[in-house]
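Numbering (this note's numbering), first residue to last: 557 to 718.
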């Protein structure tokens, strides 16, 4: 695991893919992965899901159905602005679109095909400084919230409510 984000990684959850719940934190109570640091995890043969969290327990990255060696890179040195999406709604968020305001289309879903943001949870995204349009949608891709011309040159929290 390579931490290229501006944040310390405090939790790494690695669970067999068939499990319904996340397992224990593989870093333990004392260890973290600082920005710029790397950490290798040795896991038994199998297929695993991985979730990486900040010290505030916001998801930073996920990987699904990993069955071979993987270098999971968290963040990007050019993406220095944090966008924390907080789901204060009663609806699970399955799609988050973050698109430069100059773009004609929303682009790809930043959550990926297997990740979602349940009510009460939060997800950290790292973006390059700029002006963006943002949209959150439920699992049927129905829009829950959207904002345009959002200045993401400083860290921002976007709270989705009912």
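Backbone N, C-alpha and C fix where the C-beta goes; we use that ideal spot for every residue, glycine too.
Contact with chain E by residue i, beta-carbon distance below 8 angstroms
i: residue 698; result: Structure shown: chain E not included; a single protein chain is present.
Cβ-based burial, residue i [other Cβ within 10 Å; buried from 16]
i: residue 577; result: exposed
i: residue 634; result: exposed
i: residue 643; result: buried
i: residue 659; result: exposed
Separation of residue j from residue i, as counted between CA atoms
i: residue 516; j: residue 675; result: Given that the chain is displayed from residue 557 to residue 718, the structure contains no residue 516 and the question cannot be resolved.
i: residue 570; j: residue 679; result: 18 angstroms
i: residue 605; j: residue 645; result: 26 angstroms
i: residue 617; j: residue 559; result: 10 angstroms
i: residue 600; j: residue 589; result: 22 angstroms
Best match in the options for proximity to residue i [C-alpha to C-alpha]
i: residue 656; options: 685, 615, 645; result: 685
i: residue 710; options: 699, 696, 718, 688; result: 688
For residue i: DSSP bridge partner residues
i: residue 708; result: 686
i: residue 559; result: 630
i: residue 574; result: According to DSSP, residue 574 bridges with nothing at all.
i: residue 702; result: 691
Secondary structure, beta strand (DSSP E): runs of 3+ residues fully inside the region 582 to 643 = 604 to 609, 615 to 622, 637 to 643
3 or more residues per run - each beta strand (DSSP E) lying fully within the region 643 to 696
651 to 656, 678 to 683, 686 to 693
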